[in-house]
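For reference, the structure discussed in these notes is given below.
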Amino acid sequence: MRLFISAGLWLFLSGWSCLTVIAVADQTESVSAEQLAAQMESGELQQRRDAVYALSAMGTDALPALPALLKGLEHSDEQIRAQSVTAVARIGEAAIQAVPLLVRQLGSRDDQTRYRAAWAIGQIGPAALPILKEEISNDNAPTRVGIAGALGWMPSESETCLPLLTRLLEDHDESVAEASARALAKHGNAAESILEQALAHRFVRVQTAAAAGLADAERISASARKKLVGLVSADSGDLRAAALTTLTASDFDREQLLSLIIDRLSDDDTRVRSAAILALKKQKLHNDKVAAALSGQLLAADSAKRSAAAFALGSLGPAA
3 MRLFISAGLW LFLSGWSCLT VIAVADQTES VSAEQLAAQM ESGELQQRRD
53 AVYALSAMGT DALPALPALL KGLEHSDEQI RAQSVTAVAR IGEAAIQAVP
103 LLVRQLGSRD DQTRYRAAWA IGQIGPAALP ILKEEISNDN APTRVGIAGA
153 LGWMPSESET CLPLLTRLLE DHDESVAEAS ARALAKHGNA AESILEQALA
203 HRFVRVQTAA AAGLADAERI SASARKKLVG LVSADSGDLR AAALTTLTAS
253 DFDREQLLSL IIDRLSDDDT RVRSAAILAL KKQKLHNDKV AAALSGQLLA
303 ADSAKRSAAA FALGSLGPAA
C-alpha cells in the first residue's frame, strides 16, 4: 500500500511540475524582446542572465534588443557576454552594428572569447566583410587570427574571402598563417588550389593545416596527391600523419596507399602509427602484407611500437 501511495504521489507531483514548466515556458514566450532588453539593463544579475539567455533563443526576433545586446558584449559577467554574442549571431546580418565590438573581442587572450567572436562575425555574414578588410592589417596578431576564423565561417562568400585569406596565409606570424589555412579548408573545393600551394609553405604548421584541410575537398588534384605522398616522409610527425590521413580520404590508388601505410606502421612517431592503423581500419586494407608488417613490429625494440602492433592486430581482427 505504501508503494502505491508513493507512486501516486510521485505522479501527482510530476504532473504538477510539468504543468509548472509549461506555464513558465508560455510566460517566457509572451515576453517581448523590448521587455527582455529592459530586464538586461535593470534587473539583478541572475535576471539579466535569464533575459539574455531568452534573447539568444529568439533568433531574428531579438533585433529590437540589439542596443542592450551591444552593451552585453562588454558586460563584466562572462555568461552575459557569451549569451550576448550568441544572440547577436542569431540575429544575423541586421546585427552589423556589433561587428566593431566583436572585432575588439578577437584580440582577447581567451581562446573561447576569440572563437565565439569569430563565429558571430561569420554568422552576420557578408555585411561584415568591409570591416574585416579594414582590420586585416591590425597590429595585433590574435585579432588577425580571429579575422581568418571569421572568414572561414563564410563559405558562401568564397569569391571575396579567398583573396583575404590568401593574404593572411603569407602573414609573418605563424599562428595567423596557420589560422588562415584552417579557414581555407572550410571553403572546400574553392580553396583546393590555394591549399595545395600551402603544402610547400615556409611554416610547417601551415603545411600541416593545409594537408589536413585538403581532406575537406570533394576531389584532390593529381598534383596535390603527389605532394602529399612526398609529405608522408616529412620531418614533422604531425605533417606525416596529416598527409597520410588525407590521402586515405581521397581517391588515391589503393595499392600505393597500402604501401605507404605499411611503411608508416613502423614510424617512430606514435601519431603517425596511429594514423596508419586508422587508415587500415577505415579502408579495410587487410591482407598478408599488412599482417606480416605488424607481426614483424611485434619484435621491435621499441615497446611503443610493439604495443601499437599488438593493438592494430587486435583491432583488425581475423582479417589481419
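Count the sequence shown with the working numbering and you get residues 3 to 322, in order.
The beta carbon of each residue, even a glycine, is placed where N, CA and C say it ideally should be.
Beta-carbon contacts of Gln-107 that lie in its chain and below 6 Å, excluding the five residues immediately before and after: The count along the sequence shown starts at 1 and reaches residue 107 at position 105. So the list reads Thr-115 and Ala-119, once near-sequence residues are dropped.
Start-end ranges of the alpha helix (DSSP H) lying completely within the region 145-192, minimum 4 residues: 160-171 and 176-187
Reduced DSSP secondary structure (H/G/I, E/B, other) of Ala-97: Here residue 97 refers to the residue found at position 95 when the sequence shown is read from its first residue. In the structure shown, Ala-97 sits in a helix (DSSP, three-state: H, G or I).
Straight-line gap, Ala-187 to Leu-134 (C-alpha atoms, nearest Å): Against the sequence shown, residue 187 aligns to sequence position 185. Against the sequence shown, residue 134 aligns to sequence position 132. When rounded, the distance between both Cα atoms is 19 Å.
Cβ-based neighbour list, Ala-150, same chain, cut-off 7 Å, excluding 5 preceding and 5 following: The count along the sequence shown starts at 1 and reaches residue 150 at position 148. Cβ neighbours of Ala-150 beyond the five flanking positions: Leu-167, Leu-170, Val-178, Ala-181, Ser-182 and Ala-185.
Contact set for Lys-307: own chain, Cβ-Cβ below 6 Å, skip 5 residues either direction: Position 305 of the sequence shown, counted from the first residue, corresponds to residue 307. Gln-299.
Limits of the unbroken alpha helix (DSSP H) element including Arg-51: Start at 1 with the first residue of the sequence shown, and residue 51 comes out as number 49. Unbroken alpha helix (DSSP H) run through Arg-51: 47-58.
Heavy atom of the ligand FAD within 7 Å of Ala-185 beta-carbon: Only the bare structure without any ligand can be found here, which leaves the ligand FAD out of the picture.
Sequence-distant residues of the same chain with beta carbon closer than 8 Å to Glu-176, five excluded per side: Locating residue 176 in the sequence shown gives position 174, where the first residue counts as 1. Phe-205, Arg-207 and Val-208, listed in sequence order.
Backbone secondary structure at Asp-269 - three-state DSSP: The residue labelled residue 269 in the question sits at position 267 within the sequence shown. Three-state result, Asp-269: coil.
Span separating the alpha-carbon of Gly-148 from that of Asn-140: Within the sequence shown, numbered from 1, the residue matching residue 148 stands at position 146. Within the sequence shown, numbered from 1, the residue matching residue 140 stands at position 138. C-alpha separation (whole angstroms): 11 Å.
Presumed contact (8 Å Cβ cut-off) between Ala-122 and Ala-84, rounded CB distance: In the sequence shown, residue 122 corresponds to position 120, counting from 1. In the sequence shown, residue 84 corresponds to position 82, counting from 1. With 8 Å as the limit, Ala-122 and Ala-84 do not qualify as a contact, their Cβ atoms being about 10 Å apart.
Environment of Pro-144 [buried if 16+ CB atoms lie within 10 Å]: Taking the sequence shown and counting its residues from 1, one reaches residue 144 at position 142. Result: buried.
Whole-angstrom distance between Met-42 and Glu-198, CA atom to CA atom: Sequence index remark: in the sequence shown, residue 198 carries index 196 (1-based). Sequence index remark: in the sequence shown, residue 42 carries index 40 (1-based). Roughly 49 Å separates the two Cα atoms.
Spatial neighbours of Ala-295 in its chain, beta-carbon cut-off 6 Å, leaving aside the 5 residues before and after: Translated into the one-based positions of the sequence shown, residue 295 becomes position 293. Around Ala-295: Ile-264 and Leu-267.
Close beta carbons around Asn-142, own chain, < 6 Å, minus the five adjacent residues each side: What you label residue 142 is simply residue 140 of the sequence shown in a count that begins at 1. These residues qualify, in order along the chain: Gly-109.
Proximity of Leu-47 and Leu-57 at Cβ, strictly below 8 Å: Position 45 of the sequence shown, counted from the start, is the residue given in the question as residue 47. Position 55 of the sequence shown, counted from the start, is the residue given in the question as residue 57. Taking 8 Å as the Cβ cut-off, Leu-47 and Leu-57 do not qualify as a contacting pair.
Straight-line Cα distance separating Phe-313 from Asp-28: The residue given as residue 28 occupies position 26 in the sequence shown. The residue given as residue 313 occupies position 311 in the sequence shown. For Asp-28, the pLDDT reaches just 44, beneath the cut-off of 50, and the residue's location in the model is therefore unreliable, although a value from the coordinates is still provided. Cα-Cα distance, rounded: 54 Å.
Any C-beta of chain B under 8 Å from that of His-203: No chain B is part of this structure, which consists of one protein chain only.
Enclosing alpha helix (DSSP H) for Ala-141 [first to last residue]: On the sequence shown, position 139 is the one that residue 141 refers to. Note on identity: in this sequence residue 141 is Asp, with Ala being the wrong assignment. Careful: Asp-141 lies outside any alpha helix (DSSP H) and carries neither H nor E.
Inter-residue spacing [alpha-carbon to alpha-carbon] between Ala-152 and Thr-62: As a first step, residue 152 must be located in the sequence shown, where it is residue number 150. As a first step, residue 62 must be located in the sequence shown, where it is residue number 60. Approximately 20 Å, taken between the alpha carbons.
Burial state of Gln-49, where buried means 16 or more other Cβ atoms lie within 10 Å: Here the question's residue 49 lines up with position 47 in the sequence shown. So Gln-49 ends up on the exposed side.
His-174 burial status per 10 Å Cβ neighbour count (16 or more: buried): If you number the sequence shown from 1, residue 174 lands on position 172. Counting Cβ neighbours within 10 Å, His-174 comes out exposed, since fewer than 16 surround it.
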